[in-house]
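J.: In the working numbering, the protein residues as written are 217 to 345. Each residue gets a CB set at the ideal place from its N, CA and C atoms; glycine is no exception.
Dropping the structure here:
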């Protein structure tokens, strides 16, 4: 049982590291667009040789890594799903990243696990008391 738990935690950490590196790369990626005198979206960074403006458009924010971890850990452990879910919702609110549904699902599953274990403990105490 302990070996399974450690394996699951190791897999979650590997997934989180991979997602974090992909998310940072996506956020750093920007593209330059030329418009024919039309107002473009993004920030104007200069002009072409013909005098047309060049706009820099940033990539949309990626999925929050803590939200993914909250979902996975909420399925398997409960308590860590609650912790990571609250951290993820806080970060999503601050940064505008995606993943609020995953974070909320991880929180709900974590609280369900917590209630299950609390009721199990109460039942065991009542049975042997």
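Could you tell me the alpha carbon to alpha carbon distance between residue 271 and residue 324, rounded to whole angstroms?
T.: So the two alpha carbons sit approximately 42 Å from each other.
J.: Ignore the nearest five residues each way along the sequence and tell me which others in residue 329's own chain have a CB closer than 6 Å to its CB.
T.: Closer than 6 Å at Cβ, skipping near neighbours: 294.
J.: Relative to the alpha-carbon of residue 259, which residue among 268, 308, 266, 273 has its alpha-carbon at the smallest distance?
T.: For residue 259, the nearest C-alpha among the options comes from 273.
J.: Between which two residues does the beta strand (DSSP E) carrying residue 352 extend?
T.: Any property of residue 352 remains undetermined from this structure, which presents the chain solely from 217 to 345.
J.: For my contact list, residue 280 and residue 304 are in at a C-beta cut-off of 8 Å; report their separation, rounded to the angstrom.
T.: 5 Å between Cβ atoms; contact.
J.: Let me confirm a value: residue 244 is counted as buried when at least 16 other C-beta atoms fall within 10 Å, else exposed. Which label applies?
T.: The predicted model places residue 244 with a pLDDT of 47, which falls under 50 and marks its position as unreliable; any figure quoted below should be read in that light. It counts as exposed.
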